[in-house]
Structure formats: structure tokens, C-alpha cells
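**Student:** Protein chains in written order, with the numbering used here: chain A, 43 to 400; chain B, 43 to 400; chain C, 43 to 400; chain D, 43 to 400. The structure is given below, and queries will be raised subsequently.
Here is the structure:
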């Protein structure tokens with residue numbers, strides 16, 4: 043006989059569940075042994091049964107008979123949720139975060155609204171004044187591998203963006219260890235179409251995205267702001283990188299390829315050794331970071347549907363560069379499952395609860 | 043606090059784990075609370091770590107440190123497995139089934155070797171003499187919605203084929219109720235490329251299957267033999283149907299569209315009522331059959347990765363036909379997860395154990 | 043030295059060029075030796091260079107410097123076009139067809155507006171009163187393999203729908219020859235996503251259509267109206283068929299699988315012979331119908347980008363059915379290139395002019 | 043009346059026509075007004091009709107009745123071909139090139155055998171001794187935008203690789219003009235699956251490549267050898283670059299994203315101006331290079347099926363980098379159509395003959 047653990051029951055709300063991140067979040071909460079889904083909101087679908095809008099969830103007892111609520115703070119409060127996920131567009135999320143936090147409800151925000159410490163950077167990258175700058179000080183950037191202690195006690199977690207997660211996890215340990223020259227970093231990322239959201243936009247139609255490979259958004263994609271903020275913290279000096287995202291015909295997945303050079307004085311031989319040590323040390327206790335090692339080429343197909351990020355690297359001795367490669371599910375470790383990882387930490391659950399999917 | 047159940051620990055073997063069904067089976071057993079995976083064989087990968095061949099399974103404690111064994115009966119026996127899944131090609135499976143059954147090990151065979159009662163039909167459709175006809179009498183056709191009692195006590199379960207499952211579940215209740223004319227049935231099925239197996243065949247290359255829609259295998263696909271066998275049992279008379287499978291550019295999923303006519307004397311109005319009643323009665327206790335009802339169009343994207351089959355139908359009053367439509371995962375309800383459903387029944391576990399994925 | 047032919051120069055307009063059929067039509071006219079593209083309209087893109095909206099056409103001298111006009115009859119008249127293609131939605135096309143025809147401009151309409159002889163059938167299937175019933179008498183259903191003489195002299199050609207073309211070409215000769223029982227026909231068609239048009243509809247997003255197989259539109263898809271009209275003409279009696287279209291993750295292509303039974307008194311042996319003879323006779327002079335013969339399985343990948351339709355068939359002796367299979371490009375033989383085939387006939391050009399792409 | 047040109051008739055052979063490049067080459071020659079296809083070889087398909095193996099070519103009078111020959115030099119000679127395309131694997135091509143050149147037949151080789159001037163570099167990158175080093179001196183690297191004069195008179199053209207074309211065309215003018223620091227170049231390229239060839243390899247199956255994004259081949263992909271050779275010629279000094287190719291789920295297309303820095307002393311402002319001028323000057327007479335300009339993001343879907351390469355760029359002022367992006371068809375400008383472009387030059391035809399497809 044194998045004895046299973048017992049779990050608390052956490053009254054949980056999902057605000058804005060009709061997009062792609064919201065759907066994956068719902069799927070994870072349905073399978074999460076501690077999540078009691080008490081409120082699911084959607085302006086568009088208010089009043090309709092959840093399993094009518096998401097036929098995939100038919101038969102899930104946790105949402106059976108549950109209807110979408112209108113997206114209001116009252117709906118969350120009256121459902122007695124103690125924790126709310128926000129899967130809302132930038133700008134809209136802050137409107138909910140403020141009153142929810144004020145009511146003592148813990149908030150995990152999947153939007154960009156609380157990821158940046160400096161409201162001026164937000165304004166620069168997002169094109170409008172920050173909607174709730176007074177909350178920025180208490181918001182925790184929800185990268186569990188780097189801020190688990192702060193996340194555990196946070197009232198407001200700003201869950202990282204999809205591209206940032208795929209770039210930060212390989213680079214942060216190396217910048218912190220001063221192995222890599224912060225001025226040398228150039229990143230090419232490739233994302234599946236779900237990353238663009240569930241928008242009625244002809245540019246995202248199947249017949250447009252299929253059989254198409256294209257860059258977009260360079261040189262100043264919005265995600266650069268949080269990537270550089272976190273890299274700068276790690277390097278303890280301002281870091282600027284080049285970043286080119288690409289849109290590709292897969293539903294889910296992000297692969298990032300990162301070119302960088304060793305810091306002055308670090309030889310390629312030393313780099314080879316230390317990259318290995320530094321990454322292994324950094325993630326020895328991180329259940330969702332899988333190091334493929336030198337010569338390991340991560341493939342998104344091995345991580346889609348999971349909370350894993352796979353990281354490999356090669357040394358380009360001919361040019362003196364280190365090339366890091368990562369693969370994650372943009373809706374998983376890049377969004378919904380990473381948010382659940384924070385949720386686990388915030389509720390003193392094992393970090394892997396409900397997330398060990400393969 | 044929600045209390046979780048406790049489960050027995052079943053020493054379980056997977057023979058032939060390197061194909062697509064084998065991989066999904068491994069994924070399900072990794073997440074199955076009662077399965078103790080004691081032996082995983084692969085001729086091709088013998089001696090190699092499972093998570094090296096399947097990078098997706100890195101981090102799964104249940105297979106961590108486990109290597110592929112060579113595909114031998116001894117490997118299974120010496121690992122003390124009490125139940126073995128066979129994910130082997132037709133013809134090869136029987137070679138393992140015989141000695142395993144003789145050793146008292148319960149066998150769930152995903153191949154076609156034991157699906158047909160009549161070895162002459164096997165020879166007709168598979169082109170060679172049946173390799174173990176003496177076992178046919180005890181083999182149970184493992185469609186849990188129709189033979190759960192026999193499966194519970196079976197020593198040898200022949201898990202159904204992917205196309206058959208998608209065609210039988212909609213049709214069996216209607217034929218049994220004599221609502222549908224057995225001579226009127228024509229089926230067009232569409233399958234993802236994983237259905238063709240992991241074979242080094244240029245016809246299955248990405249650049250061949252992508253952007254391609256094509257029929258194949260008509261008019262006498264091998265799966266017809268088991269489809270007609272089971273339809274004939276239900277109708278209590280010999281049934282012959284037309285069946286055209288198509289290969290389509292998705293990885294997984296089968297959609298079947300079934301044209302049929304009411305039995306003589308059954309009006310379209312009566313048919314409309316009775317199809318609904320008969321199907322709902324037939325599957326009221328079946329957790330994995332989701333009836334989408336009249337006007338419901340099942341979509342494989344809502345079932346891929348699960349053990350569900352979704353069934354909808356329309357009445358074509360203009361021509362006097364009933365059109366049934368089903369969607370399933372060819373590797374799930376059409377193969378691996380259906381086999382696990384039998385495994386649950388055989389071990390007196392709740393039928394849904396390890397299978398309520400959404 | 044190979045001497046090339048000389049061609050007339052036909053001032054040609056394309057009305058509504060921004061959709062998928064319009065784009066393929068533009069591509070064909072750019073390569074057509076007789077087409078002088080004098081006017082290209084688009085409400086949405088009026089005033090913009092054609093090669094800015096369609097980057098694919100950059101470098102095509104025929105459209106270089108040409109801007110989209112607003113979609114007005116005056117634009118067509120003042121450009122002195124003598125022939126206009128209408129690539130407009132149903133209902134809108136008729137608004138243009140009437141004044142253009144009145145001005146003596148020959149019209150090839152890719153919409154459904156003039157395909158049906160009976161305005162009552164139009165109203166039944168399209169849900170609104172026919173916008174220009176007085177033109178129906180003179181409109182010619184533009185299936186060149188069956189109405190070339192009428193097309194040659196037509197003022198108004200109603201180019202057939204994509205599904206209808208794929209179903210009519212295999213069936214018409216057999217119904218005309220009374221080989222096939224008109225009551226026995228059931229069709230399963232599979233179409234690429236471009237068939238749904240370039241609409242800002244979340245159901246058509248890449249992340250929705252990809253990895254999805256699904257039926258839709260049954261039992262009374264709009265295209266049934268023209269399919270049954272033409273089948274009835276051929277059979278000289280009213281024909282009703284069952285038809286289930288499916289939406290699949292390819293950009294372009296339609297595959298149709300047609301189940302039918304021989305007419306009373308026609309044995310399977312005789313059917314085998316006569317299907318072959320009748321189809322070969324019917325299409326011996328048809329350059330774009332490629333008969334793959336008995337046992338030939340057409341694949342859309344061999345016809346996408348061309349004006350060909352490939353047709354194969356099998357005899358299902360076990361059930362007494364004939365199964366016909368066809369493959370075409372839904373935007374090619376199912377729309378734009380078939381319209382150009384009519385254009386060639388209308389201008390006394392070789393039928394294959396500008397269309398022998400492989 | 044538009045008068046069409048007359049063309050010579052060039053007896054042309056295709057050696058090794060059964061792969062993906064061979065198939066596109068056949069398609070182009072079928073539509074090429076001067077190509078008389080007298081010999082098509084394939085070891086695998088010798089004796090079979092071409093349009094049986096390539097159903098797409100059914101109805102093409104140029105190959106109607108033509109069978110594959112066995113792949114021998116005699117077959118080419120006895121067919122009186124004066125020009126032969128080699129679409130063979132590396133190493134095998136040289137075996138044919140030598141005797142054909144000796145017989146006075148002009149050769150356009152699509153393999154890598156004659157792309158490198160230095161046999162030692164060939165051995166380093168391809169892992170075996172060069173099979174015909176004595177021919178290297180006369181072989182011309184067939185990049186028509188840079189070597190048209192040499193190609194015109196060449197006896198042996200080594201047509202460039204797919205990745206190299208996509209990287210060289212954007213970079214060569216900038217290196218030649220000394221605008222870009224040769225030590226600063228890092229390239230991320232993305233290729234469709236046809237680039238891996240028509241090989242019976244399970245890693246290339248649809249179910250493996252679909253829904254997968256992955257890097258491979260870094261840091262020393264074979265194509266680096268010719269890329270660096272040509273970049274070094276342009277820069278007049280040895281150039282080494284970092285290069286990471288990725289395999290993506292499209293059939294055809296390559297997108298390359300190139301990071302580089304201005305040469306010492308070149309300001310970002312000056313760079314902005316000069317990149318534009320230098321690229322426009324370099325390609326003002328190049329019909330197949332389409333400059334999308336600053337802020338232009340090329341998309342493979344606009345070039346697949348054509349001989350165009352689209353090039354755009356952005357200036358990353360924040361990091362001081364220039365980012366160039368290109369898109370081409372890996373089987374077109376990256377292989378078969380570029381070879382035909384050389385063929386046109388070699389035969390004093392307009393460079394665009396048979397290649398102005400959109």
C-alpha cells in the first residue's frame with residue numbers, strides 16, 4: 043500500500059479564465075489536490091457553464107455545475123476566495139489586484155502589471171502610466187527558483203512572462219557568478235502561437251501562421267523590461283541585451299537560444315567547467331529545471347504540458363562564445379504552471395504539488 | 043483537509059515501450075498511484091536509461107535509474123511483475139503472451155493478436171496463420187464499457203484498436219437496440235500520424251504528411267475485422283460495413299464520421315428520440331464516454347491526452363440518415379489509456395484511477 | 043528554338059482581392075499571359091499598394107505601382123476593364139454583378155450568388171431573399187468540364203464552390219450514366235482552414251485549428267444546394283445526398299470521400315468496368331482531371347497550388363459499395379484557378395493558359 | 043497582343059531526382075521555357091515513370107512518358123545532355139561531376155562537394171578526404187548576385203547551401219563595405235523539415251517534428267565552412283561566426299536572424315544610413331533580392347515556392363547592434379531555383395527565365 047498525503051482545501055478564484063493561460067490554469071487547478079475552485083470569471087462568458095465553454099473539462103467534478111461569474115471583485119469576495127489568479131490583459135489586472143489585496147486576498151498575477159519595480163520603465167515599455175504604482179513595492183517577481191522565500195510570504199506575486207522565464211533561468215546563475223560578459227548577450231527566441239493570446243486577429247489565423255517563420259517585435263519587445271531588470275539584479279550592474287522573438291507554427295512552446303561571451307579574464311576552458319558547476323549548483327534543489335548539460339539540445343516537445351524547463355549549452359571555441367539553449371511550455375513554466383508553483387509556495391505545500399505531469 | 047485514498051502497489055511490466063503507444067503508456071503509469079513499474083523492455087534500447095530515450099520522463103522518480111531491459115520473458119518474470127502490458131507489433135505480441143500467461147502473469151495486449159475470436163478471420167485480415175489460436179478462447183476484448191465483468195477476471199485482455207474504439211462505442215448501443223440498419227453503415231475516419239507508428243518510413247516524414255489529406259487502406263483495412271466482429275455480436279447477426287481511414291497532419295487524435303440509416307419501420311422522429319435515450323442509457327455509468335448530444339460536433343483537441351471519447355450526432359432528415367461523430371485520442375482511449383482502464387478493472391481499482399486527466 | 047504563342051491583352055478587374063481566393067486569383071493573373079490587371083479593389087486596403095498588402099507580390103511588374111481601389115463599380119468602369127472577377131462574400135457579389143453586367147462587362151463570380159437556378163433554394167440555404175433573381179437565368183454554372191460551351195459565351199459565370207467541385211466531378215458522369223443509385227450517396231469532405239476565409243474569428247486561430255480534427259455544418263451545409271442541383275441535372279431526377287464537411291489543420295486542400303451504391307440491376311463486376319470507362323470517357327479531353335484509377339488514393343499535397351483534381355476509387359465488394367475519392371486545392375480548382383479556367387474559355391484562349399502549374 | 047520571346051532548347055539532365063531538391067528542380071524545369079529534360083536519374087526508381095513516382099507531375103507533357111534512368115554517367119551522355127544538375131548526397135556528387143565535366147557537359151552541383159576552395163576545410167567539416175580536389179580550382183560558387191560573370195562561363199557550378207544563402211546575401215555587402223565588425227556575428231537560423239532531406243529516419247517523422255522547436259548541429263554545422271569562406275572573401279580577412287540552426291515544423295522555408303555590431307568607428311547613426319545605402323546599391327540589379335528595409339520583418343510564407351530572398355533589419359540602439367533578418371525557401375533560393383538561376387546565366391538567358399513565380 044502506498045499512502046497518499048492529505049491536503050488543505052484552498053478557496054481559489056481565477057479571474058479572466060477564457061484565454062489560453064486561463065485555460066491551462068483551470069486544467070492545473072482541476073488536477074490540484076488542494077485547490078478548491080470557488081470562482082471563475084469571464085466577462086465574455088458570464089453565466090455560462092465552464093464545461094460548455096471548455097468542452098475539454100466536461101466530466102471534471104471540480105468544475106461540474108460551476109458557471110463563469112462576471113469579472114468583478116465582488117464575485118471573488120462573495121465566493122470567499124482566499125487566493126486569486128489574475129489571467130487578465132496588462133492594465134486590467136491592476137484594477138483587480140488593488141481591491142483584492144486590500145481585502146486581504148492573496149493575488150497571483152499572470153499579467154505584466156507588477157513585474158517591474160520602476161513605474162517609469164513600465165511606462166516606457168507599455169506606453170501608459172502605471173495603474174497602481176503604490177503596489178509595486180510589495181509585489182514579488184514570482185520566479186520560484188530565485189525568490190522562493192519572498193513568494194512564500196507574498197500577498198501579491200507577479201508571475202514572470204514566458205520569454206523572460208526561458209531567458210532568465212539559464213542566464214541568472216552565470217551573471218551572478220560573473221562568468222558571462224553582461225554586454226555580450228543576444229537572444230533569439232521562438233514561440234508558439236498561443237503566446238499571442240486568444241485574439242480575433244487575422245494575423246493569427248491558422249492559414250497565416252501555418253507554414254510561416256517570422257521574427258517580430260525587435261528590437262524593443264515589452265518583455266525586455268523585466269528580463270533586463272532581473273539580469274541587472276543578478277549582475278549587480280545595468281544589463282542590456284538584444285532580443286528577437288519569432289512566431290512559429292506550434293500551439294505551445296518556447297525555445298530560446300542565447301549567445302554570450304565569457305567575462306574578461308575567463309578562458310574558454312574555465313568557462314566550460316564553471317558553467318556546468320554554477321548551473322548545477324544553482325538548480326540542485328529546483329525540481330523543474332532539468333539540465334541537459336554540455337551538448338544537450340532541449341526540445342519543446344519534451345516540456346509542453348509540463349512545468350519543466352530544459353537547459354542545454356555548447357561552447358563555440360572557434361568564436362569564443364557560450365551558447366545556451368532552453369525549452370519550456372510558454373503556457374506552462376512560462377505562465378500557468380509557474381503561477382501554480384508560486385501558489386504552492388504561498389500555501390506551504392510541496393512545490394511540486396499538482397505539477398508533476400510528464 | 044481532503045483525504046486521499048490509498049492504493050495497492052502492482053508490480054507492472056511494459057514490453058516494447060519504445061513506440062508511441064508505449065510512450066503514452068509509460069506516461070500514464072508514471073502518474074498512476076498503484077503502478078509499480080518494475081520492468082520496461084525494448085530490444086532497440088536495451089541497457090539504456092529510460093529517461094535518456096524519453097527525455098520527457100526526466101525527473102519522474104518512478105523511472106529514475108531504471109534501464110530498458112531486453113525484451114524477454116525472463117526479464118519480466120525475474121522482475122516479479124504480476125501484470126504486463128504488451129506494446130508490440132502484431133504477431134510478436136503472441137510470442138510473449140503465451141509464456142507470460144503460462145507463468146500466471148496477467149497480460150494486457152495492445153496489439154491485434156487476440157482481438158479476434160476466429161483465427162480464420164485473423165488469417166484473412168493479417169495475412170498469416172494465427173500464432174497462438176489456443177489462447178483466443180480466454181482472451182477478452184478489452185472495451186471496458188461493454189465487457190467490464192469479463193475484464194475484471196481476465197488473464198489476457200486484448201485491448202481494442204484505435205479506429206474500432208471510435209466506431210464501436212457510438213454504434214454498439216444502437217445496433218443492440220435494433221435502431222440502425224446493419225447494412226447501411228459507412229464510416230469515414232481521420233487519424234493523426236502517430237497511428238502509423240514510429241517507423242522509419244519516408245511516407246511518414248514530416249514533409250510528406252504535413253499539408254496532406256489522404257485516404258488509404260480502403261476497402262479492407264485490418265481493423266474492419268474486429269469492428270465487424272463486435273458489431274455483429276451486438277446486432278446478433280453478421281454485420282459488414284464500409285470503412286475509409288484517412289491520414290492527417292496532426293500528431294494524435296481520431297475523428298470518425300458514421301453514416302447509417304434507421305432500421306425498417308423506425309421513423310426519423312422515433313430515431314431522434316431513441317438515439318438519445320439509448321446512448322444515454324448505455325453510457326450513464328461510463329465515466330469516459332461524453333455524449334455531446336444532437337448537434338454536438340466532437341473535436342479531437344478536447345480529448346487528446348485524455349481517456350475520453352466524445353460522441354455527437356445529427357439527423358439528416360432530407361436523406362433519412364443518422365450521422366454519428368466521435369473523437370478520441372488514438373493513443374489514449376484508442377490505445378494506452380484504454381489499456382490502463384482495463385488494468386484498473388483487473389485490479390479492482392476505481393475505473394478512473396490515474397486517468398482523470400483533462 | 044521553341045516558338046511561344048502570342049496572346050491578347052484583356053483588361054481585367056479583381057473585385058475584393060484581400061481574401062484568400064482573391065490572393066490566389068491575383069497570383070494566377072500575375073502569371074497569366076493575357077491578363078492585363080487594370081483594377082484591383084478592396085474596401086479595407088483602398089489606396090494602398092498591392093505589394094504592400096501582399097508582400098509575396100513584390101517584384102511582380104504586373105502589379106508594381108498599382109494601388110487597391112475602393113470597391114466601387116465606377117472604379118472598374120473607369121479602368122476600362124472588360125472582365126471582372128468577383129471575390130466577394132455572398133450577397134455582396136450580386137450588388138456588383140448587376141451594374142457590371144449592365145455595363146457590358148463580363149463577370150466571373152466566385153461567390154454563391156448565382157450558382158442556383160431557383161431563388162427559393164437560395165433563400166432556403168442562405169437565409170435571405172436572393173438579391174438579384176433576374177440575373178439567374180443568364181448565369182452559367184462555371185464547371186468547365188461540363189459547361190464549356192455555355193461558359194464560352196457567358197456574360198455572367200457563377201464559379202462553383204470548393205466542396206461542390208470535389209464532389210461533382212467524380213459523381214456527375216456516373217449519375218448521368220445511371221450507374222449509381224442517387225439515393226445512396228453519402229460524402230465526407232475534409233477541408234483546409236483557408237476555406238473558412240480570412241475572418242477575424244477566434245475559432246479559426248492557429249492555436250484552435252492546429253491539432254484539431256472536427257466535423258461541422260452537417261447535415262445542411264450551404265454547398266449542398268448547388269451540389270444537389272447539379273447532381274439532379276445529371277441524374278435527370280431529384281437527388282439528395284448526405285454531406286459532412288470537416289475542418290482540418292492544413293492551409294489548403296480538400297479531400298472528398300464518396301460512398302455510393304450501384305443502381306438496381308448493376309452488378310459489382312459491371313460496375314468495376316463501367317466506372318472506369320465512364321470516367322475515362324467523360325474526362326478524356328479534360329486537362330485538369332487526373333484519374334488515378336481503381337485503387338488510386340488521391341492526396342491533396344499533389345494538387346495544392348494547381349488547377350488539377352485527382353480522382354481515384356475502390357470497390358467495396360464486401361458491402362456492395364463504390365467509394366470515390368477526390369483531391370483538389372480548395373483555393374485552386376475549388377475557387378480561383380477554376381475561375382481562370384472559365385476566363386480562358388470566355389476569351390477563346392486555350393483552356394490551360396496560365397494554369398499549367400505543377 | 044503581347045509578343046513572347048523565343049528560347050533555345052537545352053538538353054538537360056537531372057541526376058538524383060528523387061529527393062526534395064530534385065523534386066523542386068523537376069518542377070522548375072517543367073515550367074522552364076528553354077529546358078529540354080532529356081534524362082532524369084534515380085537509383086531507387088530506375089525504370090519507373092517519373093509521374094508515377096511524382097504524382098504531382100502527371101499531365102506535364104515535358105515528363106510524360108519519361109522514365110527514371112539508372113544513375114550513371116552513360117545515361118547522361120547517351121541522352122546527349124549538355125548540362126546536368128546534380129541533386130546527390132555529398133561525396134556522391136563528385137563521382138558524377140568528374141566524368142561529366144571531362145565529357146564537356148556543364149554541371150550544376152547542388153551538393154557541398156565543390157563549394158569550398160580548400161580541400162582541408164572540406165575534410166575538417168565533412169569528415170573525409172575531398173573526392174576530387176583537382177576540380178576545385180575551376181568550380182564557381184554559384185551565388186548569382188555575387189559571381190554572375192564567373193557563373194556565365196563556368197563549366198562547374200557549386201550551388202550554395204540553404205543556410206549559407208540566407209546568411210551571405212544580407213552580410214556580404216556590409217562586410218565588403220567594412221560596416222560590420224567581422225568578430226561580432228552570431229546567427230540563429232530556423233529551417234523547415236525538408237532541409238533534412240527525404241531520409242527514412244524516425245527523428246524526422248511527422249509525429250516527432252510536429253509541435254517541436256529545437257536547436258541542433260551547433261556549434262560546428264557543416265554549412266559554417268562555406269559561410270565563413272565567402273564572408274572572409276568579402277571582408278578580405280578571416281571571419282568566424284557563431285551559428286545555431288533550428289529544426290521547425292514547416293515543410294519549407296528558412297528564416298535567419300543575424301546579430302552583429304558596427305565596425306570600430308562606425309556610429310549607430312552612420313550605420314543606419316549606410317546599411318540602407320549599401321544593401322540597396324548591392325542589390326539594385328538583383329531581381330530576386332527584395333529589401334524590406336529598416337523595420338521590415340521577412341516571413342518565409344511570402345517566399346516559399348519562389349526564388350526570392352526577403353531581407354529586413356532593425357537597429358538595436360540600446361545595445362549597439364544591427365539585427366538583420368532574411369527569409370527564403372530552403373528548396374528554392376536555398377537550393378533548386380538558385381541552381382536554375384545559375385543555369386540561366388550559363389546559357390545567356392535572362393536571369394529570371396522560368397523563375398518569376400509568386
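Glycine included, C-beta positions come from ideal geometry on N, C-alpha and C. This one's a predicted model, so the numbers in the text were calculated from it and none came from an experiment.
Locate the beta strand (DSSP E) running through residue 247/A, then write down its first and last residues.
**Tutor:** Here the question's residue 247/A lines up with position 205 in the first chain. Careful: residue 247/A lies outside any beta strand (DSSP E) and carries neither H nor E.
**Student:** Pull up the distance between the alpha-carbon of residue 348/C and that of residue 69/C, whole angstroms please.
**Tutor:** As a working note, residue 348/C is residue 306 in the third chain. As a working note, residue 69/C is residue 27 in the third chain. Their backbone Cα atoms lie some 12 Å apart in a straight line.
**Student:** Beta-carbon within less than 7 Å of residue 294/D's beta-carbon, same chain only, minus the 5 sequence neighbours each way: which residues are those?
**Tutor:** Within the fourth chain, numbered from 1, the residue matching residue 294/D stands at position 252. The residues are 234, 236, 346, 371, 372 and 373.
**Student:** Kindly say whether residue 349/D, judged by its beta-carbon, lies nearer than 9 Å to any beta-carbon of chain A.
**Tutor:** Counting from 1 along the fourth chain, the entry for residue 349/D is found at position 307. Cβ-Cβ to chain A under 9 Å: no for residue 349/D.
**Student:** My parser needs the beta strand (DSSP E) runs of 3 or more residues fully inside the region 169–206 of chain B; what are they?
**Tutor:** Counting whole runs of 3 or more residues, the region 169–206 of chain B contains the beta strand (DSSP E) stretches 198–200.
**Student:** Between the C-alpha atoms of residue 246/B and residue 257/B, what's the straight-line distance to the nearest angstrom?
**Tutor:** Position 204 of the second chain, counted from the first residue, corresponds to residue 246/B. Position 215 of the second chain, counted from the first residue, corresponds to residue 257/B. For residue 246/B and residue 257/B, the distance between alpha carbons rounds to 14 Å.
**Student:** Fully enclosed by the region 269–311 of chain B, which beta strand (DSSP E) runs are 3 residues long or longer?
**Tutor:** Complete beta strand (DSSP E) runs here, min 3: 284–290 and 296–302.
**Student:** With a threshold of 9 Å between beta carbons, is residue 400/D in contact with chain C?
**Tutor:** By one-based count along the fourth chain, residue 400/D stands at place 358. At least one chain C Cβ lies under 9 Å of residue 400/D.
**Student:** Please find out if some non-hydrogen atom of the ligand HEM comes closer than 8 Å to the beta-carbon of residue 210/B.
**Tutor:** Here there are no bound small molecules, and the ligand HEM is not part of this structure.
**Student:** Locate the alpha helix (DSSP H) running through residue 393/D, then write down its first and last residues.
**Tutor:** Here residue 393/D refers to the residue found at position 351 when the fourth chain is read from its first residue. Segment: none, residue 393/D is in no alpha helix (DSSP H) and carries neither H nor E.
**Student:** Looking at chain D, which residues of the region 51–70 of chain B have a Cβ within less than 9 Å of any of its Cβ atoms?
**Tutor:** 62
**Student:** Less than 9 Å separating the beta-carbons of residue 273/D and residue 213/D?
**Tutor:** The residue labelled residue 273/D in the question sits at position 231 within the fourth chain. The residue labelled residue 213/D in the question sits at position 171 within the fourth chain. Yes; because the gap between Cβ atoms is below 9 Å, this pair is in contact.
**Student:** Looking only at its chain, what residues have a beta carbon closer than 6 Å to the beta carbon of residue 315/A, apart from the 5 residues adjacent to it on each side?
**Tutor:** Within the first chain, numbered from 1, the residue matching residue 315/A stands at position 273. Excluding sequence neighbours, residue 315/A sits near nothing in its chain.
**Student:** Would you kindly report the start and end of the unbroken beta strand (DSSP E) that includes residue 370/B?
**Tutor:** As a working mapping, residue 370/B is identified with position 328 in the second chain. Counting along the chain, the beta strand (DSSP E) containing residue 370/B begins and ends at 363–370.
**Student:** When DSSP labels each residue in this structure, what does residue 98/C get in the three-state scheme?
**Tutor:** Along the third chain, one-based indexing puts residue 98/C at 56. If DSSP states are grouped into helix, strand and coil, residue 98/C belongs with the helices.
**Student:** Would you tell me roughly how many angstroms separate the C-alpha atoms of residue 34/B and residue 385/B, rounded to the nearest one?
**Tutor:** Since the first residue shown for chain B is 43 and the last is 400, residue 34/B is missing from the structure and cannot be characterised.
**Student:** Count the other C-beta atoms from every protein chain shown that fall within 10 angstroms of the C-beta of residue 101/B, then say buried if there are 16 or more, exposed otherwise.
**Tutor:** Along the second chain, one-based indexing puts residue 101/B at 59. Buried, because 16 or more other Cβ atoms sit within 10 Å of the Cβ of residue 101/B.
**Student:** Keeping to the same chain, check which residues put their C-beta closer than 8 Å to that of residue 114/C; ignore five residues upstream and five downstream.
**Tutor:** The sequence position of residue 114/C within the third chain is 72, counting from 1. Result list for residue 114/C: 83, in chain order.
**Student:** Would you say residue 243/A faces chain C, with C-beta separation under 9 Å as the test?
**Tutor:** Locating residue 243/A in the first chain gives position 201, counting from the first residue. Interface residue, yes.
**Student:** With 9 Å as the threshold, decide whether the Cβ of residue 99/B is near any Cβ in chain A.
**Tutor:** Here residue 99/B is taken as the residue at index 57 of the second chain, counted from 1. So, interface residue.
**Student:** Starting from residue 173/D, find everything on chain B with Cβ-Cβ shorter than 9 Å and list it in chain order.
**Tutor:** In the fourth chain, counting from the first residue as 1, residue 173/D sits at position 131. The premise fails here: residue 173/D is roughly 26 Å from chain B at the closest Cβ pair, so nothing lies under 9 Å.
**Student:** Chain D beta carbons: is any one of them nearer than 9 Å to that of residue 167/A?
**Tutor:** Along the first chain, one-based indexing puts residue 167/A at 125. No, its Cβ sits nowhere closer than 9 Å to a Cβ of chain D.
**Student:** Cβ atoms of residue 170/C and residue 230/C: under 9 Å apart, would you say?
**Tutor:** In the third chain, the residue the question calls residue 230/C occupies position 188. In the third chain, the residue the question calls residue 170/C occupies position 128. Not a contact, by the Cβ cut-off of 9 Å.
**Student:** Just list the residues that DSSP pairs residue 48/C with in beta bridges.
**Tutor:** As a working mapping, residue 48/C is identified with position 6 in the third chain. Residue 48/C is not bridged to any residue.
**Student:** What are the boundary residues of the alpha helix (DSSP H) that includes residue 71/C?
**Tutor:** On the third chain, residue 71/C is found 29 positions in, with the first residue counted as 1. That run of the alpha helix (DSSP H) goes 62–72.
**Student:** DSSP beta-bridge partners for residue 257/B?
**Tutor:** Position 215 of the second chain, counting from 1, holds the residue named residue 257/B. Answer is 288/B.
**Student:** Go through its chain and collect everything with a Cβ distance to residue 104/B's Cβ below 6 Å, but skip five positions before and after it.
**Tutor:** For the purposes of this step, residue 104/B is taken as residue 62 along the second chain, with counting starting at 1. Only 72 and 79 meet the Cβ criterion.
**Student:** Across which residues does DSSP place residue 353/B in a beta bridge pair?
**Tutor:** Position 311 of the second chain, counted from the first residue, corresponds to residue 353/B. In the DSSP assignment, residue 353/B is bridged to 333/B and 368/B.
**Student:** Quick check on the DSSP output: the alpha helix (DSSP H) that includes residue 117/C runs from which residue to which?
**Tutor:** Locating residue 117/C in the third chain gives position 75, where the first residue counts as 1. Here the alpha helix (DSSP H) through residue 117/C covers 115–120.
**Student:** Any beta carbon of chain C sitting closer than 9 Å to that of residue 345/D?
**Tutor:** Counting from one through the fourth chain, the residue named residue 345/D turns up at place 303. Yes, its Cβ sits closer than 9 Å to a Cβ of chain C.
**Student:** Please identify the residue among 143/A, 296/A, 280/A and 286/A whose C-alpha is closest to the C-alpha of residue 368/A.
**Tutor:** Residue mapping note: residue 368/A aligns to position 326 of the first chain, counting from 1. Looking at the Cα atoms, 296/A is the closest of the given residues.
**Student:** Going by beta carbon distance, what residues of the same chain come within less than 7 Å of residue 252/C, once the five residues before and after it are set aside?
**Tutor:** By one-based count along the third chain, residue 252/C stands at place 210. The answer, listed in chain order, is 291.
**Student:** Quick one: does residue 341/D have its CB under 9 Å from some CB of chain C?
**Tutor:** Residue 341/D sits at position 299 when you count from the first residue of the fourth chain. Yes, residue 341/D lies at the interface with chain C (some Cβ there is under 9 Å from its Cβ).
**Student:** So, under 8 Å CB-CB, residue 93/B and residue 111/B are touching, yes? Tell me the CB distance rounded to an integer number of Å.
**Tutor:** Here residue 93/B corresponds to residue number 51 of the second chain, with the count starting at 1. Here residue 111/B corresponds to residue number 69 of the second chain, with the count starting at 1. Contact flag wrong, Cβ pair sits at about 15 Å.
**Student:** Anyone know if the C-beta pair for residue 366/B and residue 353/B falls short of 9 Å?
**Tutor:** Indexing the second chain from 1 puts residue 366/B at position 324. Indexing the second chain from 1 puts residue 353/B at position 311. Yes; because the gap between Cβ atoms is below 9 Å, this pair is in contact.
**Student:** So with CB distances below 8 Å, who are the chain B contacts of residue 253/D?
**Tutor:** Mapped onto the fourth chain, residue 253/D falls at position 211. For a Cβ distance threshold of 8 Å, residue set 293 of chain B lies close to residue 253/D, ordered along the chain.
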